[in-house]
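S.K.:
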Amino acid sequence: MSLDLVTQEVLKNALINITREMGGIIGRTAYSSILNEGHDYSCAIFDANGDLSAEAEFVLVHLACMHFSVKACVESFGIENFYPGDIVLHNDPYLGGSHLPDINMIRPIFRDGKLVCFAANRAHYPDVGGLAPGSFAGEAEEIFHEGIIIPPLKLYRGDVLDEQLITFFAANVRVGKRISADTSAQVASLRIGEQRLMELFNKYGTSATVEGINYLMDYSEELMRNRIQKIPDGTYSFFDYMDDSGENTDPVRIVLNMTVSGDEIVFDYTGTDPQVKCPINAPYAVTCSATYGAAKCILAPDTPLNAGMFRPMKVIAPEGSLVNPTYPHPVAAGNTNTSQRIFSIVNGALAACVPHLVEAGENGANSDIGLGGRNLRTGEDYVLYLMPVGGMGARPTKDGNSATINYMGNCSNQPAEVWESKHPFRVNQWLLRQDSGGPGRWQGGLGYVIEYEVTDKLSDSLMSI
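Residue 121 is where the sequence shown starts when you use the numbering used here, and the numbers rise one by one after that.
#1: Do G332 and L135 have their C-beta atoms within less than 8 Å of each other?
#2: Excluding the five sequence neighbours on either side, which residues of its own chain have a C-beta within less than 8 Å of the C-beta of E571, listed in chain order?
#3: Just checking my contact of F264 with A453 at CB under 8 Å: how many whole Å lie between their CB atoms?
#4: Which class does T377 belong to by DSSP, given the choice of helix, strand or coil?
#5: Can you find the residues in the same chain that come closer than 8 Å, C-beta to C-beta, to D338, ignoring five residues on each side of it along the sequence?
#6: Got a sec? Which residues, its chain only, sit under 6 Å from Y447 by beta carbon, not counting five neighbours each side?
#7: Closest by CA to L504, which one among I268, F545, E195 and H476?
#8: From the DSSP output, which residues share a beta bridge with C163?
#9: CB L310 to CB V208, shorter than 8 Å?
#10: Report all residues from its chain with a CB closer than 6 Å to the CB of N377; omit the five preceding and five following residues, and keep chain order.
#11: Would you mind sorting I585 into buried or exposed? The rule is 16 or more other CB atoms within 10 Å of its CB.
#12: Helix, strand or coil: how does DSSP classify I585 here?
#13: For D302 and G254, I'd like the C-alpha separation in whole angstroms.
#14: Starting from the C-beta of R140, find all residues in its chain whose C-beta is less than 6 Å away, skip the five residues before and the five after it, and write them out in chain order.
#15: Give the single residue among L343, P403 and L131 whose Cα lies nearest to the Cα of P432.
#16: Can you give me the C-alpha to C-alpha distance between G565 and T390, rounded to a whole angstrom?
#17: Quick check on the DSSP output: the beta strand (DSSP E) that includes D222 runs from which residue to which?
#18: Along the beta strand (DSSP E) that carries K274, what are the first and last residues, could you check?
#19: DSSP on M362, reduced to helix/strand/coil?
#20: Do the segment 290-301 and the segment 190-209 meet, that is, are 3 or more Cβ pairs less than 8 Å apart?
#21: Apart from the five residues on each side of it in sequence, which residues of its chain come closer than 6 Å, Cβ to Cβ, to R316?
#22: To which residues of the same chain is R494 closer than 6 Å at the C-beta, ignoring the five residues directly before and after it?
#23: Taking C-beta to C-beta, are S189 and N241 nearer than 8 Å?
#24: Say the cut is 7 Å; is the CB of A514 nearer than that to a heavy atom of the ligand SAH?
#25: Taking the alpha carbon of P326 as the point to measure from, which residue in F230, A192 and H187 has its own alpha carbon closest?
#26: Do E367 and V396 have their beta-carbon atoms positioned less than 8 Å apart in this structure?
#27: What separation, rounded to the nearest whole angstrom, lies between the Cα atoms of V538 and P508?
#28: Which partner residues of G493 appear in the DSSP bridge assignment?
#29: Whose C-alpha, out of K323, L442 and L470, is nearest the C-alpha of N457?
#30: What is the DSSP secondary structure of I154, reduced to helix, strand or coil?
#31: From Q460 to H182, what does the alpha carbon distance come to, in whole angstroms?
#32: Is H210 helix, strand or coil when you go by DSSP?
#33: Which residue from T524, A291 and E384 puts its Cα closest to that of G249?
#34: Reducing DSSP to helix, strand and coil, say where L442 ends up.
#35: Does the beta-carbon of V466 have 16 or more other beta-carbons within 10 angstroms, so that it is buried, or is it exposed?
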């Protein structure tokens, strides 16, 4: 059947709004403050092949990663081995994950006995084990130092929880008693996604709704191709560095040659330095997320987030390089730090051909702070994950945003009151750092100053690159 334009638009917006509602469930019901206050999660709908079809404005670094994750689960199990009520759990960065703290859940959606699509979400847990609280160990030399690795496994079979699996997971993290509260939030999110999809199937029919899912991807592809066509053909290059590798003080170079031809772009990272024994390696899926995300934000900010947007773009990342490491190299900060640098590098390449669309460079760094110990007041173990932020670059027609989670995060600052109420931790001051943005007609955004005091013994981990 062929849908009229009005129905196509209704279904497009309905599908995106379903993912927003799924996200709202996690935000309201998760226990960990990084989820219920920081909103470090994403929710999406995928077609029956595992292609990303609809996603609202969540965490940008999850964009392509979730696409690769669901694809990996489909390949791992085979379409024929999914059943109603199943939920797959996994976090492997080498199978489309971003880093180990990001836990994926995928639920197949059936209609009249046929698998028609998937609902999925990804949530950043405060800890998944490893050397350091928060699972960000600057001294990690292999991924085993960063926490528990979960290959695609069925957490639910026919809506029956595998309690042994969740018990095993909880036993390997510092705050295992709270794991079930966050996993339950993700499960509830998937169930509301399934419920809302069923309502669409009932109202418009299965064929029409599936056609709407496909239309959404085709729509995004067309928008992106139209924007790319406006760029002069040619090759545009840019490079930048990570400050050091952790192994030594030598900077690590990331190189991009971006070739525009008609309505397509090739992003080629050949020439980037080799992978390192330090957690700044960015898995291929993370490199794709940063690349696609930058292209979307700069060229087509109104384009719906889905795999259709990826079709006009190709990412070449040499295997064994910083932007496509091989197992078992560590990757925790590749997701939070290197991804931001990749975004900035794409920004730099696009500045050579569409300078009127590109903002100035941002604060250039991302810090990950994990604090952990036992709260003597409550007698419970805790992990507090902090994401200090800086200012964003000035935009073509306005000032840059101040004290904002970087390009790839799109998360919220967590209130000091929440930190203090749940942890032996006191914030003495937290204020914008005056005159810290770059001057000009349009000024760069301000960073902030935070002074905090830990009121008890703890272990800590700090990564800032």
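Backbone N, C-alpha and C fix where the C-beta goes; we use that ideal spot for every residue, glycine too.
M.R.: Based on what the coordinates show:
#1: yes
#2: V547, N548, Q549 and W550
#3: F264 to A453, Cβ: 16 Å. No contact.
#4: In the sequence on display, residue 377 carries Asn and not Thr. Strand, per DSSP.
#5: G428
#6: Y214
#7: F545
#8: N241
#9: no
#10: T355, S357 and D388
#11: Only weak support exists for where I585 lies, its pLDDT of 49 falling under 50; the coordinates are left without a value.
#12: Per-residue confidence for I585 stands at a pLDDT of 49, beneath the threshold of 50, marking its modelled position as unreliable; no derived number is given.
#13: 15 Å
#14: A176
#15: L343
#16: 33 Å
#17: D222 to R231
#18: L273 to R277
#19: strand
#20: no
#21: I138
#22: D501
#23: no
#24: With respect to the ligand SAH, the structure offers nothing, as it holds no ligand at all.
#25: Position check: residue 326 holds Thr in this sequence, whereas Pro was assumed. Here the closest residue by C-alpha is F230.
#26: yes
#27: 16 Å
#28: Y502
#29: L442
#30: helix
#31: 13 Å
#32: strand
#33: A291
#34: coil
#35: buried
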